[in-house]
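Comments concern the structure below.
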Amino acid sequence: MSETDELLTLYWKDGCLYILDQRLLPHRVEYMACTACSEVVEAISEMAVRGAPAIGITAAFGMALAAREALGKNNDQGQMHSYLARASKQLFQSRPTAVNLSWALERIDKWLSENEGLTAQETAEGLLVEAEKIFSEDLENNRLIGVNGAALIPDKAAVLTHCNAGALATGGYGTALGVVRAAIGEGKEVHVFIDETRPLLQGSRLTAFEMLHENIPATLITDNCAGYLIKQGKIDLIIVGADRIAGNGDTANKIGTYPLAVMAAYHHIPFYVAAPLSTIDLSLPSGDEIVIEERKPEEVTRFGNQDVAPEDINVYNPAFDVTPAGLINAIITEKGVVYSPDQEKLYKLFAKV
Ligand code: MRU
668 MSETDELLTL YWKDGCLYIL DQRLLPHRVE YMACTACSEV VEAISEMAVR GAPAIGITAA
728 FGMALAAREA LGKNNDQGQM HSYLARASKQ LFQSRPTAVN LSWALERIDK WLSENEGLTA
788 QETAEGLLVE AEKIFSEDLE NNRLIGVNGA ALIPDKAAVL THCNAGALAT GGYGTALGVV
848 RAAIGEGKEV HVFIDETRPL LQGSRLTAFE MLHENIPATL ITDNCAGYLI KQGKIDLIIV
908 GADRIAGNGD TANKIGTYPL AVMAAYHHIP FYVAAPLSTI DLSLPSGDEI VIEERKPEEV
968 TRFGNQDVAP EDINVYNPAF DVTPAGLINA IITEKGVVYS PDQEKLYKLF AKV
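Numbering-wise, the working numbering comes out as the position in the sequence shown, counting from 1, plus 667.
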């Protein structure tokens, strides 16, 4: 997580993808060893690995595993391509909202069509190299997001964040938390207030774990507490990550993000989104077109293994909400900061690439 720390979200070793099982954090640090693409599909859908960039990277390695499976079945190049197309479809369906997943799969698909002449063996080797590139580029982009965003964090800032947009959600360093890390790296004092983030507690389990791990001053609060703190003037700014940013800047992120943006506007504090370009989906004109994942009722009716609601109650459990661009002061990317984001500014950002 930090420069010297060995705790990685995932890594590849000897033909096996090791995924840190985030469902067990903060109590246990255990890696799942995946040798089949179907195991990767399950790790994503069951949220052993989560966070938009992290699931994109994981899916790319899932494709590398699928290629090895096809090799093991003595598939020729043609059979391997059909095998890979099926694997890609299964990975694509594992979670719908974060665009990084389809972004990574499309990049792998493009690599495959540009390298059709390779043997099956060469294809398998090449896919692994491409997955490793996606991984290392994400880490590099997060560091750039940090550099670009640090200027927005004043010294002695109290920063509120929601969910986990840190090292655990990415190839390392983090997006929203990367900005915090970079500001601290510049010598600023920053105190992070962490929303616990019901129902799956990514804030209390993961962000709190990351902050403690690096001695970053932090305070855990319940989701309901944020407004009380903001009203008292105890929060200077809010920074979150994103799962999909539509072409006009509307942003899907963990459920509970939108009310924070409304409160930030009401109380005149900045609301920032930090995300790589791989999270921006120019094909969608607005946030209305973003598919919001609905997850199982048990995530709400249980707290860990404990039932906390009557068995027969109806449950609605959307995993994300959409914050309109008008409530976002800036989107911080690896290519620069887009203030008051809109379609024209986001298109211009891509023109820089
Ligand atoms: O359901 P999750 O844990 O995958 O949701 C994660 C988030 O909402 C993050 O804020 C987002 O993916 C950005 S991660 C850099």
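Cβ atoms here follow ideal geometry from the backbone N, Cα and C, with glycine treated the same way.
Problem set entry | DSSP three-state assignment for Asp681, whether helix, strand or coil | coil
Exercise. Just checking, does the stretch 900 to 918 make contact with the stretch 966 to 979 on the three C-beta pairs under 8 Å criterion?
Worked result: no
Problem set entry | Span of the alpha helix (DSSP H), counted from its first residue to its last, around Gly723 | Ala719 to Gly739
Exercise. With distances taken between CB atoms, is the gap from Ala825 to His858 smaller than 7 Å?
Worked result: yes
Exercise. Should Arg690 be listed as close to the ligand MRU, given that the test is whether its C-beta is under 6 Å from any heavy atom?
Worked result: no
For this session: Pull up the DSSP beta-bridge partners for His748, would you.
Result: In DSSP, His748 forms no bridge with anything.
Exercise. Hey, how far is the Cα of Gly854 from the Cα of Gly816?
Worked result: 14 Å
Exercise. Helix, strand or coil: which one does DSSP assign to Ile820?
Worked result: coil
Problem set entry | Every unbroken beta strand (DSSP E) within the stretch 868 to 950, with a cutoff of 3 residues, ordered by chain | 885 to 888, 904 to 907, 911 to 913, 918 to 921 and 938 to 941
For this session: Determine, using beta carbons only, whether Ala909 and Thr764 come nearer to each other than 7 Å.
Result: no
Exercise. Ala834: which of Phe938, Pro866, Asn809 and Ile906 sits nearest, CA to CA?
Worked result: Asn809
Problem set entry | Inter-residue CB distance, Ala715 and Met699 (contact presumed, cutoff 8 Å) | 6 Å
Problem set entry | Three or more C-beta pairs below 8 Å linking the stretch 875 to 891 and the stretch 982 to 995 | no
Exercise. So, is Ser769 buried or exposed, given that buried needs 16 or more other C-beta atoms within 10 angstroms?
Worked result: buried
Exercise. Looking only at its own chain, which residues have a Cβ that is under 7 Å from the Cβ of Ala843, when we skip the five neighbours before and after it?
Worked result: Thr828, Ala832, Ile906, Val907, Gly908 and Ala941
Exercise. Under the criterion of a Cβ to heavy atom distance below 6 Å, does Lys718 qualify as lining the ligand MRU?
Worked result: Before going further, note that residue 718 is Gly rather than Lys in the sequence given. Answer for Gly718: yes, Cβ within range of the ligand MRU.
For this session: Return the chain-ordered list of same chain residues with a C-beta closer than 7 Å to the C-beta of Val846, the five sequence neighbours on each side being excluded.
Result: Ile812, Gly813, Gly816, Ala817, Ile820, Ile906, Ala941 and Ile999
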